[in-house]
Amino acid sequence: MFRKLQPTIGVLLLPLFLFAAKPQKDTRVYAVKDGQELKLDIYAVPSETKKDNPCLMFVFGGGFKEGSRDDAAYADYFTYFAEKGFVVVSIDYRLGMKDAPAPGIFNTKPLRNAIAMAVADLYSATDYVLQNARELNIDTARIIISGSSAGAITVLQGDYEKRDNKPSANVLPEKFRYAGVISFAGGIFSTEGVPSYTQAPAPTLFFHGSADKLVPYDKTRFFRIGMFGSKSLAKRFREKGYPYMFYSMEGLGHEVAGYPMKEFLPEIERFIIDFVFNRKQWLVDIRFKDKLRRPGKTVTPKSYYD
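So the sequence shown is numbered by the working numbering: it starts at 15 and just counts up by one.
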């Protein structure tokens, strides 16, 4: 009897697979700066039901000198969360390190300028999302920012400067706060030592390879000036009791800026549900070792920028 029913069941289910809604992409210009059109891509599954959805914003990587908002490497990440009901927004930003020399502890000005430009563009893109939230069906209380490498630096820096009441954040409404931060191999540039937040930061998910030589896993500093990576930031979060989750990817390098967006999608979703939606007050450190994954080629600032 069951065997006879199998073809019928298959025929009934076939339309569900053929006509399941897929994310659609909408590209818009959100700002014009320095004569450059800055665009964002919006990925969302069409729905006849109007409701406020969480928003996942993304800032691409590339050392502030290259990269693109619609690189194929990010497609799985965008599709996964769009199909989960998020409005995914991937943004352009100005590349301040293009044609610049490798940054160093005694040559930080080009990098500082590049970060400032990227953060300013993130804020402008966020303001566009806020201004158009009703049309885009976005819940403005659930805007999460995420980024890879230079993009991870941008989102960590963006949340830090907003929480620390920096003038750079004045473009955003005073009471607005990002709901969460997801960083794939990022850090914060600070002239005040390890960042101390005036207001508690958003719940943050850190991924970082312990052998990363491009974006420091711990920190690179000269007195109080330097780049503070995921390890030093997670330590500060724990000291202050700020909710976070830190995946310390043992023995891996800067490849951690990318591959979790393919291989850790359920874990990222779980972080959002637990820390952002359900507001768990957890401080979680995970030392993750994959015995079957070989480290990628070592990349340093000198080898990357020269």
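Every residue, glycine too, gets a C-beta built ideally from N, C-alpha and C.
For residue 155, the three-state DSSP class (helix, strand or coil): By one-based count along the sequence shown, residue 155 stands at place 141. Strand, per DSSP.
Name the DSSP beta bridge partners of residue 41, please? To locate residue 41, count along the sequence shown from 1; it is residue 27. As a beta-bridge residue in DSSP terms, residue 41 pairs with 55.
Any contact of the stretch 72-79 with the stretch 105-115, i.e. 3+ C-beta pairs under 8 Å? Three or more beta-carbon pairs drawn from the stretch 72-79 and the stretch 105-115 are found closer than 8 Å, and the two stretches are therefore classed as touching.
On the three-state DSSP scale, how would you describe residue 300? Within the sequence shown, numbered from 1, the residue matching residue 300 stands at position 286. Residue state, collapsed to three classes: strand.
If you run the structure through DSSP and keep just helix, strand and coil, what is residue 290? Within the sequence shown, residue 290 is the residue found at index 276, counting from 1. Of the three classes helix, strand and coil, the one that applies to residue 290 here is helix, per DSSP.
Under DSSP, the alpha helix (DSSP H) around residue 136 begins and ends at which residues? In the sequence shown, residue 136 corresponds to position 122, counting from 1. First-last of the alpha helix (DSSP H) with residue 136: 123-145.
Environment of residue 171 [buried if 16+ CB atoms lie within 10 Å]: If you number the sequence shown from 1, residue 171 lands on position 157. Buried, since its Cβ has 16 or more Cβ neighbours within 10 Å.
Tell me whether the beta-carbon of residue 192 lies closer than 9 Å to the beta-carbon of residue 214. Your numbering for residue 192 matches position 178 in the sequence shown. Your numbering for residue 214 matches position 200 in the sequence shown. No, they are not a contact pair.
Close Cβ partners of residue 173 (< 8 Å) along its chain, the five nearest in sequence each way excluded: For the purposes of this step, residue 173 is taken as residue 159 along the sequence shown, with counting starting at 1. Answer for residue 173: 159, 192, 195, 215, 216, 218, listed in chain order.
Tell me whether the stretch 273-284 and the stretch 236-254 touch, counting them as touching only if at least three CB pairs, one residue from each stretch, are closer than 8 Å. The answer is no - the stretch 236-254 does not touch the stretch 273-284, with fewer than three Cβ pairs under 8 Å.
Would you mind reading off the limits of the beta strand (DSSP E) that contains residue 242? Numbered from 1 along the sequence shown, position 228 holds the residue referred to as residue 242. Residue 242 -> beta strand (DSSP E) spans 239-243.
Cβ-Cβ separation, residue 96 to residue 43 (assumed contact under 8 Å), whole Å: Indexing the sequence shown from 1 puts residue 43 at position 29. Indexing the sequence shown from 1 puts residue 96 at position 82. That pair is no contact at about 21 Å.
Taking only the alpha-carbon atoms, compute the straight-line gap between residue 316 and residue 268 and give it to the nearest angstrom. Locating residue 316 in the sequence shown gives position 302, counting from the first residue. Locating residue 268 in the sequence shown gives position 254, counting from the first residue. Per the coordinates, the alpha-carbon of residue 316 lies some 14 Å from the alpha-carbon of residue 268.
Residues in the same chain with beta-carbon distance under 6 Å from residue 94, minus the five sequence neighbours each way, listed in chain order, please. Here residue 94 is taken as the residue at index 80 of the sequence shown, counted from 1. Taken in chain order, the residues that qualify are 279.
Leaving out the 5 sequence neighbours to the left and right, which residues in its chain are closer than 8 Å to residue 38 when beta-carbon positions are compared? In the sequence shown, counting from the first residue as 1, residue 38 sits at position 24. Its chain contains 57, 58, 59, 60 as the residues whose beta carbon lies nearer than 8 Å to that of residue 38, once the 5 sequence neighbours on both sides are disregarded; these appear in chain order.
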